[in-house]
Amino acid sequence: MSLLKTDHLSKTFGAIHAVDSVSFQIEAGEIYGLLGPNGAGKTTTISMICGLLKPDAGEVIVAGGPFWSDPQKAKSIMGIVPQELAIYEELTGRENLEFWGRVAGLKSGEAKTRTTELLEALSLTDRAKDAVKNYSGGMKRRINLGCALLHRPKLLLLDEPTVGIDPQARLNILEFIRGLRASGTAILYTTHYLEEAEKLCDRIGIIDHGRLLAEGTLSQLQERLGGDRVFVLEADFGNASVEAWDGFLQRFRVIQKAEGQLVVAAIGVRDPAECLRELLNLPIRVENVTLKRPSLNDVFLQLTGRSLRE
Ligand code: ATP
């Protein structure tokens, strides 16, 4: 059974379709990545899943039951890690966790035991008695994550949990999240970092302007480009246009055309050496051709015409 299912979830703010008919589901022990640029609709989606916002249309189903038929029950199985830090700077790490344990309904003794466990798991035991205001950015993010975990949620919603921290601190958090997956937690992970989605998520939904444009495992998304490799052609294109090259668009899918660079994927199953020969024989001065596995950025480019890195 899915821990979370969204069914044609929609929300508008005035003229803005912040979330437009978004449907996906997440199983136990799975990390589902919602990948999209700023303003794509990720936070609005999470806000509807946890009941902060009511959808205009569509439904959120948590562990088989519609959210709004029993919000308390649905909330009791989820943990939410908001993008903005939701911690008390003046309190210590231990006090923050214990506080959120009590909010989640744990008895005092239970909250203390669970806090000790989490401090250990988050590698914060030696800083447990320091005020959070003296923590590094990465440590604050870890406490922020811990605050959602006191009641051992089966479903964890993470809204860009690594924003603004250094690469090492990010790796620590990703490793911790992998541990939660291994213990059977279903995880929704929103991010605009391609590398995180590629390395961490079992399945990825690409969202832009409120719409889920594509969904699948990394290799399923790569296959949408027509294979597991793309060609990056650097050349002096002058006034040349791909449309004018005889039959080119029947044999290659254009992923991106920018000044001095053309990124294409072969259509159908084709010998890469033959593709390479054809590209080198184009009526332009080719400076370089490289072959690479398509990234999620290439997939995003093909879907939207824009780069996620811009
Ligand atoms: P970010 O990574 O920047 O948080 P996001 O993908 O989470 O982006 P949302 O915050 O969900 O995107 O925003 C989606 C769209 O809805 C944006 O155009 C945003 O400006 C708009 N929006 C979100 N909340 C509101 C609101 N309360 N009132 C009006 N517009 C809103």
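Residue numbers are given in numbering that gives the first Met the number 0: position 259 of the sequence shown equals residue 258, and the series is strictly consecutive. Every residue gets a Cβ at the ideal spot worked out from N, C-alpha and C, and that includes glycine.
Beta carbon of residue i nearer than 8 Å to that of residue j
i           : j           : result
residue 24  : residue 3   : yes
residue 10  : residue 43  : yes
residue 185 : residue 29  : yes
residue 293 : residue 248 : no
residue 203 : residue 154 : no
residue 118 : residue 149 : no
residue 265 : residue 251 : yes
residue 312 : residue 82  : Outside the shown range of the chain (0 to 309) lies residue 312, about which nothing can therefore be said.
residue 341 : residue 275 : Beyond the ends of the chain as shown, which are 0 and 309, falls residue 341; an answer cannot be given.
residue 113 : residue 121 : no
residue 91  : residue 147 : no
residue 188 : residue 217 : no
residue 36  : residue 307 : yes
Proximal residues to residue i (C-beta, below 8 Å), its chain only, five neighbours per side dropped
i           : result
residue 137 : 164, 165, 167, 168, 169, 171 and 172
residue 213 : 204, 205, 220, 223, 298 and 302
C-alpha distance - residue i paired with residue j, whole-angstrom precision
i           : j           : result
residue 215 : residue 243 : 34 Å
residue 78  : residue 145 : 10 Å
residue 305 : residue 255 : 9 Å
residue 88  : residue 64  : 37 Å
residue 200 : residue 125 : 31 Å
residue 132 : residue 123 : 14 Å
residue 32  : residue 281 : 39 Å
residue 16  : residue 271 : 42 Å
residue 18  : residue 237 : 41 Å
residue 45  : residue 273 : 47 Å
Nearest candidate by alpha-carbon position, reference residue i, set the options
i           : options               : result
residue 93  : 194, 104, 139 and 239 : 139
residue 47  : 59, 39 and 112        : 59
residue 192 : 180, 151, 290 and 161 : 161
residue 289 : 231, 106, 236 and 259 : 231
residue 100 : 151, 286 and 66       : 151
residue 5   : 175, 141 and 210      : 210
residue 40  : 190, 127 and 128      : 190
residue 27  : 246, 183 and 300      : 183
residue 259 : 56, 267, 245 and 287  : 287
Residues near residue i by beta carbon distance below 6 Å, same chain, minus five either side
i           : result
residue 303 : 207
residue 110 : 97, 100 and 101
residue 115 : none
residue 73  : 61 and 66
residue 269 : none
Beta-carbon proximity list for residue i, same chain, < 7 Å, skipping 5 on both sides
i           : result
residue 297 : 224, 229, 254 and 262
residue 143 : 80, 84, 85 and 86
residue 284 : 234 and 235
residue 291 : 228, 229 and 231
residue 179 : 155 and 186
Check: residue i C-beta below 7 Å from any heavy atom of ligand 2
i          : result
residue 74 : By its list of ligands, the structure shown excludes ligand 2, since it contains just ligand 1.
>> List, from N- to C-terminal side, the alpha helix (DSSP H) runs of 4 residues or more that fit wholly inside the region 55 to 125.
In response: 70 to 75, 92 to 102 and 107 to 120
Segments assigned beta strand (DSSP E), at least 3 residues, entirely inside the region 215 to 295: 229 to 235, 251 to 257, 260 to 265 and 284 to 291
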